[in-house]
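Quick note, the sequences are listed as chains A and B, same order.
Quick note, the first sequence lines up with residues 1 to 116 if you use the working numbering.
Quick note, the second sequence lines up with residues 1 to 114 if you use the working numbering.
See structure below.
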Amino acid sequence: AQSVTQPDIHITVSEGASLELRCNYSYGATPYLFWYVQSPGQGLQLLLKYFSGDTLVQGIKGFEAEFKRSQSSFNLRKPSVHWSDAAEYFCAVVAPQAGNNRKLIWGLGTSLAVNP
Amino acid sequence: DSGVTQTPKHLITATGQRVTLRCSPRSGDLSVYWYQQSLDQGLQFLIHYYNGEERAKGNILERFSAQQFPDLHSELNLSSLELGDSALYFCASSVGRQTTDTQYFGPGTRLTVL
């Protein structure tokens with residue numbers, strides 16, 4: 001079945017450490033790929049997205065993500081984590097199909113905790 | 001602040017009841033999306049409206065319905081509520097009709113069914 005997987009339910013890092021959140025998808029062709037962040041008690045905010053072209057995508061808040069076709073992955077990274085990055089992170093995809101009835105399909109999320 | 005507003009913020013009701021959730025999109029956005037976020041199923045797409053017309057449908061139950069009005073605000077109606085309908089309901093808006101357009105999310109309505 002077509003799906004998006006975030007293997008890590010919860011990750012804890014120290015402030016200032018680097019971060020990588022994993023996302024894998026299962027589609028015959030490359031879907032449209034997104035990362036969203038949900039801060040406690042708030043709605044979701046788009047960090048970055050990938051449709052085509054350069055496989056390293058820069059986003060807001062110092063985040064970047066790399067698309068790797070061979071691994072069907074779109075991992076999110078940040079070189080130095082700040083305490084304010086503690087949040088829930090969601091990978092989402094839109095299937096590469098034409099026509100209507102397209103929808104965002106979401107991973108189950110990775111909860112990030114940041115130690116001072 | 002995304003510019004998307006949702007009311008009410010919290011809603012507590014009983015099984016069998018009917019509720020209406022309201023969403024006002026960002027100024028200029030023509031698309032409204034509804035999502036349900038629950039602990040057991042995560043984020044699920046419910047329905048997408050563009051300029052008053054239904055454009056895509058997801059895992060929306062028959063007990064649920066939605067519409068987008070001429071002023072572009074949207075309402076999600078949930079009826080015959082069950083305990084399992086307790087969840088956070090988000091709406092999002094975007095400027096165009098494509099699902100791949102950047103979606104801006106509201107703060108959500110937390111529904112508790114007792």
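Even for Gly, the Cβ is constructed at its ideal location relative to N, Cα and C.
Just to confirm, are residue i and residue j a CB contact at a threshold of 8 Å?
i: Ser94/B; j: Thr112/B; result: no
i: Glu15/A; j: Val81/A; result: yes
i: Val94/A; j: Val4/A; result: no
i: Thr13/B; j: Glu82/B; result: no
i: Ala56/B; j: Arg102/A; result: yes
So is the beta-carbon of residue i under 7 Å away from any non-hydrogen atom of the ligand NAP?
i: Ala95/A; result: The ligand NAP is not among the ligands present in this structure, which contains no ligands whatsoever.
Quick one: give me the first and last residue of the beta strand (DSSP E) that residue i is part of.
i: Ser70/A; result: Where Ser70/A is concerned, there is no enclosing beta strand (DSSP E), given that its DSSP letter is neither H nor E.
i: Lys61/A; result: First-last for Lys61/A: undefined, no H or E at that position.
i: Arg97/B; result: Arg97/B -> no beta strand (DSSP E), and no H or E assigned at all.
i: Ser38/B; result: 31-38
i: Arg63/B; result: Note, Arg63/B: premise wrong, no beta strand (DSSP E); not H, not E.
i: Ser111/A; result: 110-115
i: Ala87/A; result: 87-94
Return the CA-CA distance between residue i and residue j, expressed in angstroms with no decimal places.
i: Leu11/B; j: Leu30/B; result: 27 Å
i: Gln38/A; j: Lys68/A; result: 24 Å
i: Val13/A; j: Phe63/A; result: 15 Å
i: Leu39/B; j: Glu88/A; result: 13 Å
i: Arg22/B; j: Gln103/B; result: 17 Å
i: Ala113/A; j: Ala65/A; result: 19 Å
i: Leu46/B; j: Asn77/B; result: 12 Å
i: Pro107/B; j: Lys61/A; result: 20 Å
i: Lys9/B; j: Ile105/A; result: 25 Å
Run the CB neighbour count on residue i, radius 10 Å, all protein chains shown included, and call it buried at 16 or more, exposed below.
i: Asp1/B; result: exposed
i: Gln36/B; result: buried
i: Phe69/B; result: exposed
i: Ser24/B; result: buried
i: Asp54/A; result: exposed
i: Tyr114/B; result: Correcting the residue type first, residue 114/B is Leu in the shown sequence and not Tyr. Its Cβ having fewer than 16 others within 10 Å, Leu114/B is exposed.
i: Gln97/A; result: exposed
i: Asp71/B; result: exposed
i: Trp83/A; result: exposed
- Query: Looking at C-beta atoms only, is the number of pairs between the region 66-80 of chain A and the region 8-23 of chain A that lie closer than 8 Å three or more?
  - Reply: yes
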